[in-house]
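Taking this note's numbering, the leading residue of the sequence shown gets 81, the next gets one more, and so forth.
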Amino acid sequence: AAAAAARYSTQQSNCDPNIVSCLTSDNYMQCGTGSIHSIKFIPRTLNIDFGMPTRGDLIRNIIEIPATTLIPPLQEPTNRLPIQYDSPMLEKSLDLPTNERIIEKQAVNMLRVRRKKMKKHQRKKLRKKMKFIMEKVRLKRRQKKEKLFQAELIAKIKEAEAFDAKEYVNEKLSILNKKILPRTFRGEILPAEMIKQFLDEKRATKEAKRNKPRLTL
Numbered sequence: 081a082a083a084a085a086a087r088y089s090t091q092q093s094n095c096d097p098n099i100v101s102c103l104t105s106d107n108y109m110q111c112g113t114g115s116i117h118s119i120k121f122i123p124r125t126l127n128i129d130f131g132m133p134t135r136g137d138l139i140r141n142i143i144e145i146p147a148t149t150l151i152p153p154l155q156e157p158t159n160r161l162p163i164q165y166d167s168p169m170l171e172k173s174l175d176l177p178t179n180e181r182i183i184e185k186q187a188v189n190m191l192r193v194r195r196k197k198m199k200k201h202q203r204k205k206l207r208k209k210m211k212f213i214m215e216k217v218r219l220k221r222r223q224k225k226e227k228l229f230q231a232e233l234i235a236k237i238k239e240a241e242a243f244d245a246k247e248y249v250n251e252k253l254s255i256l257n258k259k260i261l262p263r264t265f266r267g268e269i270l271p272a273e274m275i276k277q278f279l280d281e282k283r284a285t286k287e288a289k290r291n292k293p294r295l296t297l
């Protein structure tokens with residue numbers, strides 16, 4: 081085979097520069113006096129028609145999908161799988177490690193006394209700063225109370241001057257002499273005129289019984 085290939089390369093000048101081999105039914109190639117049982121190609125020296133359909137000068141290389149194949153339509157699954165959610169993230173808080181020896185708070189009473197003294201000092205400082213302002217507020221408060229008291233005294237004086245003793249006595253006597261009629265008579269609700277009439281009749285019968293004439297010797 082190596083000798084045949086060397087002989088083929090030396091006899092290439094005797095062949096057509098565009099066509100080097102001729103295809104037969106037995107896949108047997110003859111070129112000049114040599115024979116090779118397999119097809120070999122040299123780059124850029126062949127121009128073989130492989131029987132591709134052409135349209136004009138352009139080669140149609142598009143191969144369409146056969147129309148007989150059918151794509152099945154999409155269908156919803158019969159079994160609906162449950163939706164899986166991601167598990168929530170756990171919030172973990174990390175604390176600093178505590179020492180084995182815990183230092184307790186010392187001098188608690190001293191700190192309490194110090195705070196008390198500081199508050200007292202702050203009060204004194206505030207009073208000294210707001211002395212005249214607070215005095216002005218207290219003065220206005222006293223004046224307001226005095227005005228209200230004087231207004232009450234003036235109202236009582238006017239009421240005493242407008243008092244009439246004679247009219248007051250007559251009003252009280254009219255209340256005492258006024259006859260109060262009951263709303264019912266023998267368990268029945270009746271008008272005031274009828275109740276007054278029945279009471280007068282009852283009083284007249286009592287007077288008649290009391291003033292009944294008697295025989296004397």
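Cβ coordinates follow ideal geometry from the N, Cα and C atoms, glycine included. All values derive from a computational prediction rather than experimental measurement.
Item: Kindly list the residues whose CB is nearer than 7 Å to the CB of T296, restricted to its own chain and excluding five residues on each side of it in sequence; keep chain order.; Value: none
Item: Could you tell me the alpha carbon to alpha carbon distance between A84 and P153, rounded to whole angstroms?; Value: The pLDDT assigned to A84 is 49, lower than 50, so where the model puts this residue is not dependable, and the model offers no usable value.
Item: Taking the C-alpha atoms as reference points, what is the distance between L261 and F278?; Value: 11 Å
Item: From what residue to what residue does the alpha helix (DSSP H) around P274 run?; Value: The question names Pro, yet the displayed sequence has Met at residue 274. Looking at the DSSP string, the run of the alpha helix (DSSP H) that includes M274 is A272 to R290.
Item: Ends of the alpha helix (DSSP H) at E215?; Value: K211 to E241
Item: I269 bridges to which residues according to DSSP?; Value: T264
Item: Quick one: Cα of P157 to Cα of I163, how far?; Value: 14 Å
Item: Identify whether R195 lies in helix, strand or coil by the three-state DSSP scheme.; Value: helix
Item: Assuming I255 contacts F265 (C-beta within less than 8 Å), just tell me the rounded distance between them.; Value: In fact, because the Cβ distance is near 24 Å, the residues do not count as touching under 8 Å.
Item: Give the range of the alpha helix (DSSP H) segment to which A245 is assigned.; Value: A245 to N257
Item: Pull up the distance between the alpha-carbon of M198 and that of I183, whole angstroms please.; Value: 27 Å
Item: For L270 and D280, what's the separation of their Cα atoms in angstroms?; Value: 15 Å
Item: Using the C-alpha atoms, what's the distance from A242 back to E251?; Value: 16 Å
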